[in-house]
Structure formats: C-alpha cells, structure tokens
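Count along the sequence shown from 1, then add 555; that gives the number in our numbering. Think of the CB as a built atom: it goes at the ideal place given N, C-alpha and C, for glycine as much as any other residue. Down below is the structure, laid out as structure tokens.
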Amino acid sequence: MRVNAIVQARCGSSRFPNKVFSLIDGKTLLWHVVNRLKFTKKIDEVIIATTTNNIDDEIEQWCVKNDIKCFRGSENDVLNRFYNASLKYPSDIVVRITADDPFKEPAVIDRVIDTYKNGNYDYVTNNYPPSFPEGLDCEVFSSKLLCEMEEKSNDSFEREHVTQYVFNHSLEFRIGNVQNDENLSYLRWTIDTEEDLNMVRAVYEHRSNKDGLLLMNEILDILKRHPEITKINSNVARSAMYKKGEI
C-alpha cells in the first residue's frame, strides 16, 4: 500500500507571516518538517500542498530546488487542496502533516501509520485525546476517506481543517488513537508566534549532538536541564481543537 505524506504549508499566516522560512539552526522551518519525514520508514512520498496565492510562489520554488513534489490549490478550502493533491499524486494512505512543527518524530508517525494498517480503523491519530507534546501530532487515513470528506462536507470549518468531518460524524467512523506512555500534552512544540520560534531556537542551542535528528527524548532532557526554555512560549494560547483532542 502506497503511503504519501501531504504537508500543508503557506506563507500568508495572519499570526506569523512567512514563518515556514524562519531559520532554525541554520535551516528553514519547512526544511526541518520535510527532512524529518524522510527519516520515517513507512512514507513513500512527501508532497507540499500550498496555495495558488502569489505569496506562495516561494514555496513552489523551494520545492523545485529541493526536489520535493508540490501541489497548489485553494487557500481556505484546505480539504479540497488535499483532495486534489491526492489526485495528482495518488496513494492508498494519506498522512496529514502541518508545516508548523519542527520537532515531528519519525518513529511516532510510523506508529500511527502501523496502527492504521494493522487495525480496523478509518482514521488514526495520536491526538484523540492528546498525550504527546503539541507539534508531534499526525493523522492517517485512506484516500477513500479523503474522497468521502470532499464529497460530503459542506461546512466551511470542516473544509478549512481537513479532517473535522470525521469528528463531527464520529459515530460513523472507527477512530484509533496512539497514546504516549506519559502525558506530555502540556508541552507546546509548534510554531504560531515569535515566542514559539524562540523556544525552538533555544532548544537547538542546547543540543549536545550537532549531527542527526533532535528527537523527543533529547528535547525532554534539554527542557529538564533548562526549564526556563519552556517558559518562553508558555503564555501562547493553545489551539481550542487541541484542547478538545481534535487536530
């Protein structure tokens, strides 16, 4: 079964414009997200799904330069953007990734994919309820379900947030969840603000191994030794959907 990761990315964020090209340890946020996906064992192809807005020409150019597949579609109807991206780059299984999260954990993504493959589920996440740090979440579902959501969803909120149709009709679907051994959902490892970016940069400044991926256990160790880092973005408002356990 072919597994494609679709990464939604745009430059026009109202809270933090052009954040995908913010530098972290000398590399852009977008690079960090895509690079981590390359270390998964279950994903066959990574596709960036951006918008047709002129401001996102830079994302397409970055994809061409880095030999990454790119699809451009609606800015606000992100569900339709995902659907058409999956038509252009077909797969059996879709992994939804957001480009806000520089600490995506390859092994966690593989666990979610394996849970989907080995269980009798329509949709699997690791955020229902959340137990991983915010920013390590991912969603896995079939291209068939993506087609169903595209066909049936008429709600603007659902279409903006891609998979909310599943939660709004949860009795119709078999939803699986991957739990972390320890509840770390109070930690915020996503980037929506300058404070979030500064927190991530501070973590990188304290890493011991300058080569290879900075993984969850090392990040937790850094935060244990330097608790002041967590305070950098502790006042940033959390996503209402994340609090409810719905990405």
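6 Å Cβ shell around residue i - same chain, five flanking residues per side excluded
i: residue 801; result: Bear in mind that the predicted position of residue 801 carries a pLDDT of just 49, short of 50, making it unreliable; the figure below should be weighed with that in mind. Same-chain partners within the cutoff: 722.
i: residue 665; result: 595, 596, 597
DSSP state of residue i mapped onto helix, strand, coil
i: residue 636; result: helix
i: residue 679; result: strand
i: residue 651; result: strand
i: residue 668; result: helix
Cβ neighbours of residue i in the same chain (closer than 7 Å, five flanking residues each side left out)
i: residue 770; result: 660
i: residue 705; result: 634, 635, 638
i: residue 587; result: 579, 657
i: residue 623; result: 589, 601, 603
i: residue 608; result: 567, 630
i: residue 781; result: 761
8 Å contact criterion, which residue i and residue j should meet: CB distance rounded
i: residue 571; j: residue 715; result: Actually they are not in contact, since the Cβ atoms of residue 571 and residue 715 sit about 17 Å apart, beyond 8 Å.
i: residue 713; j: residue 793; result: Contact flag wrong, Cβ pair sits at about 21 Å.
i: residue 733; j: residue 653; result: Actually they do not touch by this definition, with Cβ atoms about 17 Å apart.
i: residue 695; j: residue 751; result: With 8 Å as the limit, residue 695 and residue 751 do not qualify as a contact, their Cβ atoms being about 25 Å apart.
i: residue 754; j: residue 784; result: 6 Å
i: residue 702; j: residue 650; result: The pair is not a contact, with the Cβ atoms about 16 Å apart (cut-off 8 Å).
Cut-off 8 Å between Cβ atoms - residues of its own chain near residue i, not counting five sequence neighbours on either side
i: residue 583; result: 575, 576, 577, 617
i: residue 606; result: 565, 567, 627, 628, 629, 630, 636
Terminal residues of the beta strand (DSSP E) in which residue i lies
i: residue 625; result: 624-628
i: residue 563; result: 558-563
i: residue 600; result: 600-606
i: residue 803; result: This structure cannot speak to residue 803, because the chain is shown only from 556 to 802.
i: residue 694; result: 694-697
Margin query: Taking 8 Å as the cut-off, does the segment 609-616 touch the segment 678-686 (at least 3 CB pairs, one atom from each stretch)?
Written below: No, the segment 678-686 is not in contact with the segment 609-616.
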